[in-house]
Amino acid sequence: MKTVKISVRRLVEFVLRSGSIDSRMTSSDRALEGTKIHQLLQKSAGDEYKAEVSLKLDRTVAGVAFSLDGRADGIINERIIDEIKSTETAIEEITENFRPLHWAQLICYGFMLAENEGLSEVELQLTYYQIVDEETKQFRRTMSREEMGAFVDDLLTKYAIWAQMSAAWELKRNQTIKELAFPYNSYRRGQRELSIAVYRTAVSGENLFCEAPTGIGKTMSTLFPAIKAMGEGKSDKLFYFTAKTITRQVAEDALDEMRRKGLAARSVTITAKDKICFLDERKCEPDHCQFAREYYDRLNEALFDILGQEEAITRPIIEEYARKYTLCPFELSLDVALFCDAIVCDYNYLFDPVVYLKRFFSENLGKYTFLVDEVHNLVDRARSMFSATLRKSLIMQVKRQLDKKQHKRLWNSIDAMNKVMISLNKKLVESNTTIHVRKEQLEEWNETVLKFTFVAKDWLPQNTQSEAQISVLELYFESLRYIKIAELYDERYTTQITRSRNEIEIRQLCLDPAFLLSEKLKLGASSVLFSATLRPIDYYTNVLGGESDTSRMIFSSPFEQKNMHLLVADYLSTKYQMRENSMEGVVEALFALISGKKGNYLFFFPSFHYLERIYQLFKEKYPDVRVQKQENSMDEVGREAFLAEFEADNVETLVGFCVLGGIFSEGIDLRGERLIGAAIVGVGLAQLNPESDLIKDYYNKTIGHGFDYAYQIPGMNKVLQAVGRVIRAESDRGVVLLIEERFSVDRYRALFPAHWNHAKTVKNTQEIVQQVSEFWRND
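The numbers in the sequence shown follow UniProt numbering, run straight up by one, and end at 779.
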């Protein structure tokens, strides 16, 4: 059995955790509130204080060889070990046994120090720093090496059964991986080359950016070689990150296909907390939720059961065991992930600085392989994840709900935030409705927000019945995000203060997420970032954290070029100022496209407003054509109902009017006769807006491609994705019409993929009719 590596924190938490989940006790993250406090206390302790000391210990217990590691906050005179804990709890409530887990962690560090330095005893010092009142309280114990060793051995003995179970599973897993062949009879065109590239990336511990068009089978082409590399010990776990639920399903299917061929591998799919919560109103507090109450007391029994019975731990499986053991399904999925080989989840569980999986990514670097699917979506998602906003309306809502005398400390902290907002509002009155400032100009504001989080965290557990609790909790979490983003703030950010009517909004906006993403990717051993549309690949490598020497690969489409008849109607302009004059022509061109063959079509537009106008005009001119349109906000039921109408055996033509870049322009799979054509109206540019203009100005200053990075490339990616809905399998055939004069301009043509080089330009509706009729005659 190979050595089991485990951190002190994980060992202590896994063995000794007990009690309930309580969102009101959520820490604002050590990196956010603790680092500066630790540094302050460590600096004031004098020259004899050695800060942040890494400790390691090899120990064999119950037949298991453990490698224990951790980092002590401080060591004094080589024999006193110090552990610092920041807290919002009132100083008088902090007793020696305030948090037993803190002592457990400190005893482990003390034993590691005694073993490494040959000490017979160690003095243990537990230092609490009360953040709000800035007070310190210390407790000391002296323990012998033997006492501490017995304590550590007891912890390791209790963990050994889990370590032995994991080791036995790993042996079984690796043997099945060794015997596993590619699960299909043959490789598709480009699939073998992609698989080899992913395998080499995983083995060498590098990063790869890859454009793999629809049809190659990119999910299996990435998962299979990553699994193979895992079997050779190149990684301990692989993470499959996606932007959409449907993509997670495809990853689950690929893993199941390999299991059918003999693979033994545990995988878990992590579903968002709001989606998987069993309650009508999510409130993660023991008084409110039976699934949170005494969660940790029932957890290990549930884990032992699920790991002994299941390999594909999907959402239904998680829900089944969560109900069986009365456990929070979201937390159960996180806890079971520690024992899984593959974890399928959303981007934010790696990249989001607030909700990332701390149990994997907050301590040491892991031997992880990251597979990041549909990575073109990560550009906007990353800017959003690394940005934060606070609104005056929420602050005032909380203030109005609080009684000043009854909740004096909290009310004062809210009032301080409001006063700073009032002063900022005066600046807006004197200038414009929007101003941009640097972080340094908002130091007072950031300080008041931080102070509020400390006070609120102390207030929340004591005021569970208060009417203000929900609003305070919302402001608390938004403030935590704001302060976390303030920690990351650098020259790649701007702060935007906006007033509209009675609202004031302060937003820290990330203009360039590349550096922050690259830091996140370093948490794994290797990464493959891929999409069907990643053009130009240098752009995506630049904005998503790649380096100048990062590997890049572009694969050609595996489908026959002749199966998609691509037409460019460059005689029409859909520029904003020209839309009124071209609407009639657009409607006629759209009708001409569907005239060649009855069937199902999708029309894509740059905005809901423009869609609505063309939709109404189309219905007036061609009332016999069956149409439906995407609504501005459609729930899952509405989306499914919309797609269900696209049946392969429709006897009449059906046209769906959709928004470019929306829910129907990517991620949907209407194969064969379910979709035989699409039209894309416009080049996908967003309307000029302040945020995109800021991004444009930033890139103009840094690399000189502002318009390309802020508008053109993101817009054309939407076009590429929409066109990709038509040909989904080797036997599919379909027509595509691009309507806009700019599609014939060099700067846009340069973004066409190679398999679009057969595009034909049409100059009027007659030519469209002629081209589509001829194409379908040859069907």
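C-beta atoms are modelled at their ideal positions from N, C-alpha and C, and glycine is treated no differently. Values in this document were obtained by computation on a predicted structure and should not be read as measured data.
Q) So, using beta-carbon positions, are R728 and R671 closer together than 8 Å? A) The residue given as residue 728 occupies position 728 in the sequence shown. The residue given as residue 671 occupies position 671 in the sequence shown. Yes, they are a contact pair.
Q. W776 by DSSP, collapsed to three states: which one?
A. Translated into positions along the sequence shown, residue 776 becomes position 776. The answer is helix: DSSP assigns W776 an H, G or I state.
(Q) Are the CB atoms of L334 and residue 780 within a distance shorter than 8 Å? (A) Outside the shown range of the chain, which is 1 to 779, sits residue 780, and nothing can be said about it.
Q. Mind checking M143: buried by the 16 CB within 10 Å criterion, or exposed?
A. Reading the sequence shown from its first residue, position 143 is the one you call residue 143. That one is buried.
Q. Are there 16 or more other CB atoms within 10 angstroms of the CB of T127, so buried, or fewer, so exposed?
A. Translated into the one-based positions of the sequence shown, residue 127 becomes position 127. Buried, by the Cβ-count rule.
Q: Give me the Cα-Cα distance between D253 and F618, rounded to the nearest whole angstrom.
A: Here residue 253 corresponds to residue number 253 of the sequence shown, with the count starting at 1. Here residue 618 corresponds to residue number 618 of the sequence shown, with the count starting at 1. In a straight line, the C-alpha of D253 is about 40 Å away from that of F618.
Q. Is it true that the CB of Q138 sits closer than 8 Å to the CB of I80?
A. As a working note, residue 80 is residue 80 in the sequence shown. As a working note, residue 138 is residue 138 in the sequence shown. No, Cβ-Cβ distance for I80 and Q138 is not below 8 Å.
Q. Three or more C-beta pairs closer than 8 Å, one from the segment 187-206 and one from the segment 551-568: is that the case here?
A. yes
Q: Run the CB neighbour count on T761, radius 10 Å, all protein chains shown included, and call it buried at 16 or more, exposed below.
A: As a position in the sequence shown, residue 761 is number 761, starting the count at 1. T761 is exposed by the Cβ-count criterion.
Q: Give me the Cα-Cα distance between K275 and T245, rounded to the nearest whole angstrom.
A: For this step, residue 275 is matched to residue 275 along the sequence shown. For this step, residue 245 is matched to residue 245 along the sequence shown. The straight-line gap from Cα to Cα measures roughly 11 Å.
Q) R535 to R749, Cα distance in whole Å? A) For the purposes of this step, residue 535 is identified with residue 535 of the sequence shown, where counting begins at 1. For the purposes of this step, residue 749 is identified with residue 749 of the sequence shown, where counting begins at 1. Distance between the alpha carbons of R535 and R749 is about 12 Å.
(Q) Just verifying my parser: in three-state terms, what is the DSSP assignment at L327? (A) As a first step, residue 327 is located in the sequence shown; it is residue number 327 there, counting from the start. In this structure, L327 counts as coil in the three-state DSSP scheme.
Q.
Using only CA atoms, which one of L299, R293, A342, C328 lies nearest to A312?
A. In the sequence shown, the residue the question calls residue 312 occupies position 312. Out of L299, R293, A342, C328, A342 has the C-alpha closest to the C-alpha of A312.
Q | Alpha-carbon to alpha-carbon, E519 and K575 | A | The sequence position of residue 575 within the sequence shown is 575, counting from 1. The sequence position of residue 519 within the sequence shown is 519, counting from 1. Cα to Cα, K575 sits roughly 39 Å from E519.
Q: Check whether the Cβ atoms of L68 and K56 sit closer than 8 Å, and answer yes or no.
A: In the sequence shown, residue 68 corresponds to position 68, counting from 1. In the sequence shown, residue 56 corresponds to position 56, counting from 1. Going by C-beta atoms, L68 is nearer than 8 Å to K56.
(Q) Could you check whether the segment 89-99 touches the segment 110-118, counting it as contact only if at least three pairs of C-beta atoms, one from each stretch, sit closer than 8 Å? (A) no
Q.
For I177 and S527, I'd like the C-alpha separation in whole angstroms.
A. Start at 1 with the first residue of the sequence shown, and residue 177 comes out as number 177. Start at 1 with the first residue of the sequence shown, and residue 527 comes out as number 527. Between I177 and S527, the C-alpha separation is close to 20 Å.
Q. If you draw a straight line from the alpha carbon of L694 to that of N425, how long is it in whole angstroms?
A. Looking up residue 694 in the sequence shown gives position 694. Looking up residue 425 in the sequence shown gives position 425. Their backbone Cα atoms lie some 22 Å apart in a straight line.
Q: Go through its chain and collect everything with a Cβ distance to T765's Cβ below 7 Å, but skip five positions before and after it.
A: Mapped onto the sequence shown, residue 765 falls at position 765. Around T765: E588, A589, A592.
**Q.** Y610, buried or exposed, once every other Cβ within 10 Å from all chains shown has been counted against 16
**A.** Position 610 of the sequence shown holds residue 610. Buried, by the Cβ-count rule.
Q. Span of the alpha helix (DSSP H) holding F370?
A. Looking up residue 370 in the sequence shown gives position 370. Counting along the chain, F370 falls outside any alpha helix (DSSP H), though it belongs to the beta strand (DSSP E) covering 368-372.
Q) Where does Y493 sit, in a helix, a strand or coil, going by DSSP? A) Within the sequence shown, numbered from 1, the residue matching residue 493 stands at position 493. In this structure, Y493 counts as strand in the three-state DSSP scheme.
Q | Three-pair Cβ contact test at 8 Å for the segment 193-207 versus the segment 499-516 | A | no
Q: Please work out which residues of its chain come closer than 8 Å, Cβ to Cβ, to R674, disregarding the five sequence neighbours upstream and downstream, and give them in chain order.
A: Stepping through the sequence shown from its first residue, residue 674 is reached at position 674. Cβ within range, chain order: N600, F646, E647, A648.
**Q.** Per-residue DSSP class, three states only, for G684
**A.** Indexing the sequence shown from 1 puts residue 684 at position 684. Coil.
Q. Can the beta-carbon of G667 be found closer than 8 Å to that of T247?
A. As a working mapping, residue 667 is identified with position 667 in the sequence shown. As a working mapping, residue 247 is identified with position 247 in the sequence shown. Yes; because the gap between Cβ atoms is below 8 Å, this pair is in contact.
Q) If you draw a straight line from the C-alpha of C289 to the C-alpha of L279, how long is it? A) Here the question's residue 289 lines up with position 289 in the sequence shown. Here the question's residue 279 lines up with position 279 in the sequence shown. Their Cα atoms are separated by approximately 8 Å.
Q) Any idea which residues DSSP pairs M396 with across the strands? A) As a first step, residue 396 must be located in the sequence shown, where it is residue number 396. According to DSSP, which records beta bridges pairwise, M396 is partnered with nothing at all.
Q: Give every residue of the same chain whose Cβ lies closer than 8 Å to the Cβ of G724, excluding the five residues on either side of it in the sequence, and list them in chain order.
A: In the sequence shown, the residue the question calls residue 724 occupies position 724. Taken in chain order, the residues that qualify are P213, T214, A532, T533, E666.
Q. Counting along the chain, where does the alpha helix (DSSP H) carrying F14 start and finish?
A. On the sequence shown, position 14 is the one that residue 14 refers to. First-last of the alpha helix (DSSP H) with F14: 8-16.
Q) In whole angstroms, what is the alpha-carbon distance linking N97 and I161? A) Reading the sequence shown from its first residue, position 97 is the one you call residue 97. Reading the sequence shown from its first residue, position 161 is the one you call residue 161. If I take the Cα positions, the gap works out to 28 Å.
(Q) Do V769 and S595 have their beta-carbon atoms positioned less than 8 Å apart in this structure? (A) As a working mapping, residue 595 is identified with position 595 in the sequence shown. As a working mapping, residue 769 is identified with position 769 in the sequence shown. Contact: yes.
Q: Using the Cα positions of M716 and N542, report the straight-line distance between them to the nearest angstrom.
A: Taking the sequence shown and counting its residues from 1, one reaches residue 716 at position 716. Taking the sequence shown and counting its residues from 1, one reaches residue 542 at position 542. In a straight line, the C-alpha of M716 is about 17 Å away from that of N542.
Q.
Pop quiz: L390 and S479 are said to be a contact at Cβ under 8 Å. What is the actual Cβ separation, rounded to whole angstroms?
A. Taking the first residue of the sequence shown as position 1, residue 390 is located at position 390. Taking the first residue of the sequence shown as position 1, residue 479 is located at position 479. Correct: roughly 7 Å between the Cβ atoms.
**Q.** Through-space distance from R17 to A150, alpha-carbon basis
**A.** Here the question's residue 150 lines up with position 150 in the sequence shown. Here the question's residue 17 lines up with position 17 in the sequence shown. Cα-Cα distance, rounded: 19 Å.
Q: Drop a sphere of 10 angstroms on the beta-carbon of Y184, count the other beta-carbons inside from all chains shown, and report buried for 16 or more, exposed for fewer.
A: Counting from one through the sequence shown, the residue named residue 184 turns up at place 184. Its Cβ having fewer than 16 others within 10 Å, Y184 is exposed.
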